[in-house]
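To keep things clear, I will list the structure first and then write my remarks on it.
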Amino acid sequence: MHDLSDGLADDLADGVARFQQEVFPAKARLFAELAEAHRPATLFIGCSDARVVPELITQSEPGELFVIRTAGNLVPAYAPGPDGVTASIEYAVAVLGVTAIVVCGHSACGAMTALAEGTDLSAASSVARWLRHADASVARTAGAGPERVAALVRENVRAQLANLATHPAVARATAEGRLALRGWVYDIPTGGVAEVSGPSAAVAV
Ligand code: ZN
């Protein structure tokens, strides 16, 4: 067996060592329960951005959040065919039976900023193609002026909630009243979380 630090940044290996020596023993009972059961209540869909950590923001324990993170917290509308995001959504809703889905955007999102500012993404063609899932949000915020990034972040959360609703498992569960969809925007400099609800309202929580 290789030493864990081979090929890994030292701080990651140090972190694993600290986890095993300090954190794991303190939660040994929880991890023993989790070894037998996977019953998260919430599917959290956030941005891959390193500053937006779902478990930290919501103070969730292991086992509580089923998490999907994508660039720009984008959720493509349903289309038949193999797709990791779709499969994860379906698994969370139809198999695990989560009762809530949170789509969480955030301030200073690189993906939304690139779209708002029309950044040339020709050197990152996969990113450019992926961000097309935000086309409708870009169109809706065309006249937003200097606040466009923030407006686009909010509008993008709304658009992804609409996309989520096109997934059959989500449509079925919401129609049966056993699944709630929520939109959030996390503000990095203050730690604030604003709920995005309805076509134009943003209410602080
Ligand atoms: Zn982001």
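Throughout, our numbering is defined as the position within the sequence shown, counted from one, plus 2.
All residues carry an ideal CB built from backbone N, CA and C; glycine is no exception.
- Taking the CA atoms as reference points, Arg134 sits about 10 Å from Leu76.
- Taking all protein chains shown into account, His40 has fewer than 16 neighbouring C-beta atoms within 10 Å of its C-beta and is therefore exposed.
- The C-alpha of Trp186 lies about 7 Å from the C-alpha of Val159.
- Sixteen is the threshold: when 16 or more other Cβ atoms of the shown chains lie within 10 Å of the Cβ of Thr143, as they do, the residue is buried.
- In the displayed model, Arg41 falls within coil according to three-state DSSP, outside both helix and strand.
- Between Ala173 and Ala15, the alpha-carbon positions lie close to 42 Å from each other.
- Following the DSSP letters along the chain, one finds Thr88 in no beta strand (DSSP E) but inside the alpha helix (DSSP H) bounded by residues 86-92.
- Gly83 sits in coil when the DSSP states are folded into three classes, being neither helix nor strand.
- By the neighbour-count criterion, in which a residue is buried when 16 or more other Cβ atoms sit within 10 angstroms of its Cβ, Ser109 is buried.
- Between the ligand ZN and the CB of Cys106, the shortest heavy atom gap is not smaller than 7 Å.
- Counting only residues of its own chain and dropping the five nearest sequence neighbours on each side, Pro191 has a CB closer than 8 Å to the CB of Ser109.
- By DSSP's assignment, Gly48 forms a beta bridge with Arg71, Cys106.
- Rounded to the nearest angstrom, the Cβ distance from Pro42 to Phe21 is 20 Å, too far for a contact under 8 Å.
- A Cβ-Cβ contact shorter than 8 Å links Met114 with Gly74.
- When the beta-carbon positions are compared, His169 and Tyr80 come within less than 8 Å of each other.
- In this structure Ala118 touches Arg150 by the C-beta definition: roughly 5 Å separates them, less than 8 Å.
- Not one heavy atom of the ligand ZN sits closer than 7 Å to the Cβ of Gly185.
- In the assembly as shown, Gln23 is an exposed residue. Its beta-carbon has fewer than 16 other beta-carbons within 10 Å.
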